[in-house]
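Colleague: Here it is, the structure in full.
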Amino acid sequence: MDYQSYYRKSIEEPEAFWGEEAEKLQWYKFPNQILQHEGNEWNWFADGEMNTCYMAVDYHVENGRGDQVAIYYDSPVSDTKSQITFSELRDQVARFAGALKARGVEKGDTVVIYMPMVPEVLVAMLACARLGAIHSVVFGGFASHELAIRINDAKPKLLLTSSCGIEIGKVIAYQPLVDAAIEEADHKPDAVVVLHRPQAEFQMKEGRDLDWYGFQEGVEPADPVPVKATDPLYILYTSGTTGQPKGVVRQNGGHAVAMRFSMEYIYDVKPGEVFWAASDVGWVVGHSYIVYAPLLHGCSTIVYEGKPVRTPDAGGFWRVMEEYKVSAFFTAPTAFRAVKKEDPNGELLKKYDLSSVRAIYQAGERLDPPTYEWLSDLLKKPILDHWWQTETGWGIAANPAGIKQEPVKSGSATFPVPGYQLHVLDEAGNVLGPNEQGALAIKLPMPPSCLNTLWNNHERFVEAYLDTYPGYYLCGDDGYIDEDGYVFVMGRIDDVINVAGHRLSTGEMEEVVASHDAIAECAVVGINDELKGQLPVAFYIRKDGVDKEPEEIQKELIQMVRGTIGAICCFSKAMEVKRLPKTRSGKILRKTIRQISETDDVPTPATIDDPGILDEIREAYKTAKVGRFV
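With the UniProt record's numbering, the residue at position 621 of the sequence shown is 621, and numbering never jumps.
Have a look at this one:
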C-alpha cells in the first residue's frame, strides 16, 4: 500500500485502521470499542484491558527474547558501561514494583521520579507501569521550585531520586534540590527513595529516606496489574504561558499502539535491532523513544549519559553508533550543530564504521537546511526530519520510511502521519490552500497517544488547545503545506513577526543566516519597533577558526537576508555571542531572547541550561543599541 492509500484509510476508516494496529500487541482483553468520540471528548480502545510493562518486557521474555539485550548503558561522564537483557529487566522491574507495592503504591497512585540518565530510571518507570501507578518524571537537576510545583500538582506517594547527576566537568548534587523542594511543597511524599552514586553523598533523613537497594530487600516480585486502556500511564509537565506547568496525561492503550506503530512506520526498524534516541528521560523524547517505543517493539535501546561534544570529543555520537551497531538514530538538530561547530569537516567521523545505520532522524526543533545539508553530505545517509510535540508523544508529520521513503525536501518534515488530519488555518479558521502560510491545526479526534486532557485541569486543556479553532487542536506552530503535500513548519506562532503589516517568519530568516559559511548556530527573533511594529534581529555563534570581523559578517548577512527574503523584512542587526540560551533538551529560548529586548523583568525559564547566558544576550543588545537599549 502506498502512502496516500495508507493515510486515507486512517482518516476515512480510523477504527478499522487503529483496530488492526492494536492487534499487533498482546492485550488481556482486546477492545471492542476502538474509538469513543463526541465533540471535544475522545478515547481510544476504551474497553480494552492491558499492561504497558507486560507488553514492553514480559511478553518478549515469553516469546524468545529473554537473552536479547534490552538496555545498553553508556556513560562517558562516569566511565561506566553495562547491559541488561530482557529477562534481567523483567526480574529487576518485578522486584522494584514489589518494593513499591510494599510501601503502599497501588493502581492510580502517582510517583515522581527525579533522576539522571541511568538504567535504574527505566526500571522505576516500568515498575510504576507494572502496578498501574502513574509516574511523573522530572528532569534531574531541575530547580527545587520547579520540582516543588510538580510535587504539589501530582501529589506523589513516593519520590524517587539519586544522589547526583553528572555533567561535563561537574557533579550536580541532588540532595539540596530535593530537600528544598519538599520543604517548599505543601504536599509531602510518604518517602524518598535514593539511588546512591559514588560521585556525591546523600545524607539520609531518618523517617523519610530509603536506600534504593535496601528498599527492595525481602520483597515479593510483583506481577503486572491489568489496567484500562484509558487509565493514565504517566504525567509529563510542559511549560505553560502562565508559568504554571501543564501536566500532559498519556493513556496506556493509545500510547502503546502508537509507539509500536511509529517504530515500524516512521523509523523503519525491526524487532531485535538497536534503536538510539540521544535525549533524556526527563523529556518526551526520552519517554517515547528511549523507554517505551523501542521496548514495546522488541528493540534494544541505549541509555547514554553524555553529550554530543566533549565526552570526550565531537566523535561521541559516531562511537556509540559503531559500538552498538545502531540501526536508526534520533536526536535534535542542535546536537549536530554542536558537532559541526567543533568538527566542521567531520574528521572524527573517519575513525568509525557507521554501516549499520540506515537513517538519522531529527526533531525537537526545525531542521534548518544548512544543518540538513551538512549532515547529508557528511554521512551520505538519509537525514529524515519529523515534527511532533510533548502533547502528541510521537510524530505529527514524518517521512513514511516504513512504507516507502519519500524524496526529502530540505526544510520539510514530509507528510502528515496516519491519523493526523492536519490543516493550515487562517485567523478566521478557514482552511488555506497549498503554499499559504497559517496556523497548523489537527482536526479532531486526535489519533492514539495524543493528550486528551491535562492533569487535574481539563478546562485549561480546552482553553489552551481547542477553543481557538472549534473542532481542531491548535498545534501552536505556523507553517504551510505545499502542492505535493509536504509539511513545512516555520516556527511557533509567536515567532511569526509583523513588520509594517507584513507577516514574516523568523524561521525563514534563520535559514539564510545559518547558511553563511562563518556561522555555526543562530537565532532570529522579532523585537518591538515604534515605527515598523517589529524588526528582526539575529544572534549567531561563529564557527571555530573563522577570522572575520563581526561588522563584516553583519554586512554580509544583511545582504543575504534582504537578497533572499526582500528589503521588506528590514533586517539590519546581527550580533555575535559565544552562547545561545537553551533548554536542557537543546531548544533555543527565542521567546526569552526577545523578552530581554523589552524589559529587565524577564523570568528565568525553568528549563534553561545556564541562566548566566541571559546576561550575555543583554550585553549584546546594549552594545548594539537594540530594542529598549537604543
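Backbone N, C-alpha and C fix where the C-beta goes; we use that ideal spot for every residue, glycine too.
In whole angstroms, give me the CA-to-CA distance for R150 and V138.
Modeller: 8 Å
Colleague: Below 6 Å CB to CB, which residues in the same chain sit around M490 once its five sequence neighbours on both sides are set aside?
Modeller: D478, G479, S505, G507
Colleague: Under a three-way DSSP split, which group does Y486 fall into?
Modeller: coil
Colleague: Mark Q595 as exposed unless 16 or more other C-beta atoms lie within 10 angstroms of its C-beta, in which case mark it buried.
Modeller: Around the Cβ of Q595, a 10 Å sphere holds 16 or more other Cβ atoms; the residue is buried.
Colleague: Counting only runs that start and end within the segment 394-449, where is the beta strand (DSSP E) found for 3 or more residues in a row?
Modeller: Counting only runs of 3 or more, we get 395-398, 422-425, 438-443.
Colleague: In terms of residue numbering, what span does the alpha helix (DSSP H) encompassing V561 cover?
Modeller: 550-564
Colleague: Do the segment 456-465 and the segment 428-436 touch if we need at least three Cβ pairs shorter than 8 Å?
Modeller: No, they do not touch.
Colleague: CB F17 to CB P31, shorter than 8 Å?
Modeller: Between F17 and P31, the C-beta gap is not smaller than 8 Å, which leaves the two residues out of contact.
Colleague: Using DSSP bridges, identify the partner residues of H502.
Modeller: V499
Colleague: Taking the runs of the alpha helix (DSSP H) that are 4 residues or longer, which of them lie wholly in the segment 228-295?
Modeller: Taking only runs of at least 4 residues, the alpha helix (DSSP H) segments lying wholly in the segment 228-295 are 252-265.
Colleague: Would you report the Cα separation of residue 652 and Q216, rounded to the nearest angstrom?
Modeller: One cannot answer for residue 652 here, as it falls past the ends of the chain, which runs 1 to 630.
Colleague: For a quick check, are the C-beta atoms of D368 and A222 less than 8 Å apart?
Modeller: no
Colleague: In three-state terms, what does DSSP make of Q36?
Modeller: In the structure shown, Q36 sits in a strand (DSSP, three-state: E or B).
Colleague: With 16 as the cutoff for other CB atoms within 10 Å, does D268 come out buried or exposed?
Modeller: buried
Colleague: Would you report the Cα separation of Q421 and I442, rounded to the nearest angstrom?
Modeller: 5 Å
Colleague: Whose C-beta lies closer than 8 Å to the C-beta of G402 among residues of the same chain, with five residues either side of it excluded?
Modeller: E264, Y265, I266, Y267, D268
Colleague: Assuming V326 and W276 make a contact with CB atoms under 8 Å, what is their CB distance in whole Å?
Modeller: 5 Å
Colleague: Would you check if the distance between the CB atom of E305 and the CB atom of I168 is smaller than 8 Å?
Modeller: no
Colleague: My output table needs one value for P198: the three-state DSSP class, helix, strand or coil.
Modeller: coil
Colleague: In three-state DSSP terms, what is C53?
Modeller: helix
Colleague: Would you identify the three-state DSSP class for L89, choosing helix, strand or coil?
Modeller: helix
Colleague: Which residue marks the beginning of the alpha helix (DSSP H) containing R150, and which one marks its end?
Modeller: Looking at the DSSP string, the run of the alpha helix (DSSP H) that includes R150 is 144-154.
Colleague: Nearest to E347 by alpha carbon, out of E365, I360, G316?
Modeller: G316
Colleague: What are the complete beta strand (DSSP E) segments, minimum 3 residues, inside the segment 308-352?
Modeller: 326-331
Colleague: So the alpha helix (DSSP H) W42 belongs to, where does it begin and stop?
Modeller: Unbroken run through W42 is the beta strand (DSSP E), 41-44; no alpha helix (DSSP H).
Colleague: What is the DSSP secondary structure of T110, counted as helix, strand or coil?
Modeller: strand
Colleague: Determine the direct distance from the alpha carbon of F336 to that of E406, and round the result to whole angstroms.
Modeller: 23 Å
Colleague: Pick from K107, R95, K9: whose alpha carbon is nearest that of E120?
Modeller: R95
Colleague: Do you know how far the Cα of V291 is from the Cα of S78?
Modeller: So the alpha carbons of these two residues sit roughly 21 Å apart.
Colleague: DSSP three-state label for E576, please.
Modeller: strand
Colleague: Under the rule that 16 or more other beta-carbon atoms within 10 Å means buried, what is T241, buried or exposed?
Modeller: Unreliable placement is indicated for T241, whose pLDDT of 49 sits below 50; the coordinate value is still reported in the next sentence. The residue in question, T241, is exposed, as its Cβ has fewer than 16 Cβ neighbours within 10 Å.
Colleague: Taking a contact to mean a Cβ-Cβ separation below 8 Å, would you say V197 touches S144 in this structure?
Modeller: Checking the sequence shown, residue 197 turns out to be Arg, not Val. Cβ distance not < 8 Å, so R197 and S144 don't count as in contact.
Colleague: Using the three-state DSSP reduction, which class does L122 fall into: helix, strand or coil?
Modeller: Correct three-state label for L122: helix.
Colleague: By DSSP, does L131 sit in helix, in strand, or in coil?
Modeller: L131: helix per DSSP, three-state reduction.
Colleague: For G526 and N40, I'd like the C-alpha separation in whole angstroms.
Modeller: 34 Å
Colleague: Rounded to a whole number of angstroms, what is the C-alpha to C-alpha distance between A624 and M575?
Modeller: 7 Å
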